[in-house]
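Here the sequence shown is numbered in the numbering used here, starting from 1 and rising by one per residue.
Working notes, beginning with the structure itself.
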Amino acid sequence: MSKITNKLKQTSLSILATSILTAGIIITIPNISQADLKVTGDFRFRLESDWDSKKSDGITEREDRTRARIRARLNINYDHENWAFFGARLRSGSDDSHQSPHLTILDFNENDTGDADFNFAKWFFKLKKDNTWMWVGRNSLPFWKQNELFWSDNVMPAGMAVGLNFGSGTSVAVNAGYFSLPVGMKEFSGNLGLGQIVVSTKTAGATLTGAAGWLTFDGNSDDEDAVTLLNGNGLRDYSIWIASLQAKFKVGSLPLKIGVDFIHNDEDYDNKFDSFAYANRDETDGYVGSIHLGNLKVPGDWLLSYYYAHIETLAVNASYAQDDWVRWGSPTESRLSNMEGHEIRVGYQFTKQFNTVARLYIVEAITNEEDGNRFRLDFNYKF
1 MSKITNKLKQ
11 TSLSILATSI
21 LTAGIIITIP
31 NISQADLKVT
41 GDFRFRLESD
51 WDSKKSDGIT
61 EREDRTRARI
71 RARLNINYDH
81 ENWAFFGARL
91 RSGSDDSHQS
101 PHLTILDFNE
111 NDTGDADFNF
121 AKWFFKLKKD
131 NTWMWVGRNS
141 LPFWKQNELF
151 WSDNVMPAGM
161 AVGLNFGSGT
171 SVAVNAGYFS
181 LPVGMKEFSG
191 NLGLGQIVVS
201 TKTAGATLTG
211 AAGWLTFDGN
221 SDDEDAVTLL
231 NGNGLRDYSI
241 WIASLQAKFK
251 VGSLPLKIGV
261 DFIHNDEDYD
271 NKFDSFAYAN
281 RDETDGYVGS
291 IHLGNLKVPG
301 DWLLSYYYAH
311 IETLAVNASY
321 AQDDWVRWGS
331 PTESRLSNME
341 GHEIRVGYQF
351 TKQFNTVARL
361 YIVEAITNEE
371 DGNRFRLDFN
381 YKF
């Protein structure tokens with residue numbers, strides 16, 4: 001830590017204070033970006049509207065809903081000479097939700113705004129040497145992916161991961177890990193093992209990436225925390241294979257990215273005692289296509305994206321997938337499988353720290369008459 005202290009002393013007379021005006025509160029944070037210790041964070045203000053949504057019986061209408069929501073995250077990262085790292089993240093969100101860090105500050109339809117809690121979503125120690133790395137703790141899933149349809153970026157498992165990277169013109173990465181699965185932000189139940197290989201190459205002005213991986217979920221039928229997950233997702237096993245392809249190139253001066261994902265769960269669900277799985281035993285496949293024009297990196301950048309997703313009921317473990325596309329589920333957990341639909345996304349980068357992103361979702365169920373529409377407008381600030 002003496003290295004940090006010396007650097008901070010050298011810059012103590014020229015500390016830059018970053019002031020963030022958020023909901024009438026000014027937070028002042030010193031700039032220590034030149035030190036081995038970095039403090040970063042972000043804040044989001046969201047307007048969200050849901051309308052024309054039927055429940056799973058295909059008859060009962062959900063009430064239209066409009067909400068104002070926020071997300072706040074603070075990251076602390078320490079880098080010791082580029083080989084030993086420590087990281088932590090404090091985030092907003094309900095204690096009972098591992099999927100969402102958002103808090104509702106105003107419901108325009110006078111619904112309950114839910115709990116307002118803060119928890120450490122990350123805490124990990126990482127070692128890196130040459131082309132190999134490993135970490136232990138709670139961290140992001142070490143699995144290359146293009147979207148959150150099979151795993152939400154907000155879900156942080158706890159355990160150990162290792163990886164190997166090699167190659168130059170054509171690079172190859174191998175990722176593996178074994179983890180405990182979160183149930184809310186404070187409890188864990190069941191385990192997850194994974195393995196993946198990712199190959200990337202540059203040719204004719206394009207970057208091509210292909211990935212193949214496996215996620216195996218081991219449910220725990222003896223754990224009372226597992227019972228709280230929707231549709232028995234914490235009680236059963238999943239064996240999910242995922243293949244992904246991505247091409248990145250330029251159209252004129254604009255970056256263009258096209259991606260596809262294929263998902264298959266090859267777990268056997270012939271046990272009639274799990275009535276939900278047995279009834280949906282043939283609903284085990286999914287696929288996602290996306291196209292993105294532009295990006296959000298420097299001021300003046302804009303982004304236009306389109307996604308199409310078809311995710312059958314047991315293609316993913318919905319308790320750990322995204323919770324963005326529609327409002328199906330409970331206040332703290334989504335059940336976003338058995339769905340197909342569209343996302344249209346438009347974004348603009350105002351400054352290096354500030355952008356806005358608008359998203360429209362149009363979704364319907366695959367095996368019943370449930371549906372829903374959602375619009376989100378996010379204002380994102382990072383420091």
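Cβ atoms here follow ideal geometry from the backbone N, Cα and C, with glycine treated the same way.
Item: Beta-carbon gap between residue 134 and residue 162 smaller than 8 angstroms; Value: yes
Item: First and last residue of the uninterrupted alpha helix (DSSP H) at residue 279; Value: 275 to 279
Item: Cutoff 6 angstroms; reference residue 207; Cβ partners in own chain excluding five residues on either side; Value: 248
Item: Residue burial classification, residue 397 (beta-carbon count within 10 angstroms, cutoff 16); Value: Only positions 1 to 383 of the chain appear in the structure, and residue 397 is not among them; the question remains open.
Item: Outcome for residue 294 when other beta-carbon atoms lying within 10 angstroms are tallied against a minimum of 16; Value: buried
Item: Spatial distance of residue 61 from residue 328 (CA atoms); Value: 12 angstroms
Item: Limits of the unbroken beta strand (DSSP E) element including residue 178; Value: 170 to 183
Item: Buried or exposed by the 16-neighbour rule on C-beta atoms within 10 Å, applied to residue 83; Value: exposed
Item: N-terminal and C-terminal residue of the beta strand (DSSP E) that residue 105 is part of; Value: 103 to 107
Item: Beta-carbon proximity list for residue 290, same chain, < 6 angstroms, skipping 5 on both sides; Value: 259 and 307
Item: Residue 46 - partner residues in DSSP beta bridges; Value: 69 and 378
Item: Cβ separation of residue 226 and residue 190, assumed to be a contact under 8 angstroms, to the nearest whole Å; Value: 6 angstroms
Item: For residue 217, the nearest candidate out of 146, 153, 309 and 321 (CA to CA); Value: 321
Item: Touching by the beta-carbon criterion (3+ pairs, under 8 angstroms), the region 105 to 121 and the region 54 to 68; Value: yes
Item: Three-state secondary structure assigned by DSSP to residue 114; Value: coil
Item: C-beta contact flag for residue 350 and residue 240 at 8 angstroms; Value: no
Item: As assigned by DSSP and simplified to three states, the class of residue 315; Value: coil
Item: Sequence ranges, alpha helix (DSSP H) only - wholly within the region 276 to 309, length at least 4; Value: none
Item: Cβ-based neighbour list, residue 219, same chain, cut-off 7 angstroms, excluding 5 preceding and 5 following; Value: 190, 226, 234, 235, 236 and 237
Item: Identified DSSP bridge partners for residue 198; Value: 173 and 211
Item: Option nearest residue 145 by Cα separation, candidates 203, 196 and 356; Value: 196
Item: Nonlocal neighbours in the same chain, by C-beta distance under 6 angstroms from residue 380, ignoring five residues either side; Value: 44 and 355
Item: Where residue 27 falls: helix, strand or coil (DSSP); Value: Because residue 27 sits at a pLDDT of 37, beneath the cut-off of 50, its placement in the model cannot be relied upon, and the following sentence gives the value as read from the coordinates. Residue 27 falls in the strand class under three-state DSSP.
Item: Those residues which DSSP pairs with residue 62 across a bridge; Value: Paired residue(s): none; residue 62 is not in a bridge.
Item: Own chain, CB closer than 8 angstroms to residue 169, minus 5 neighbours either side, in chain order; Value: 201 and 202
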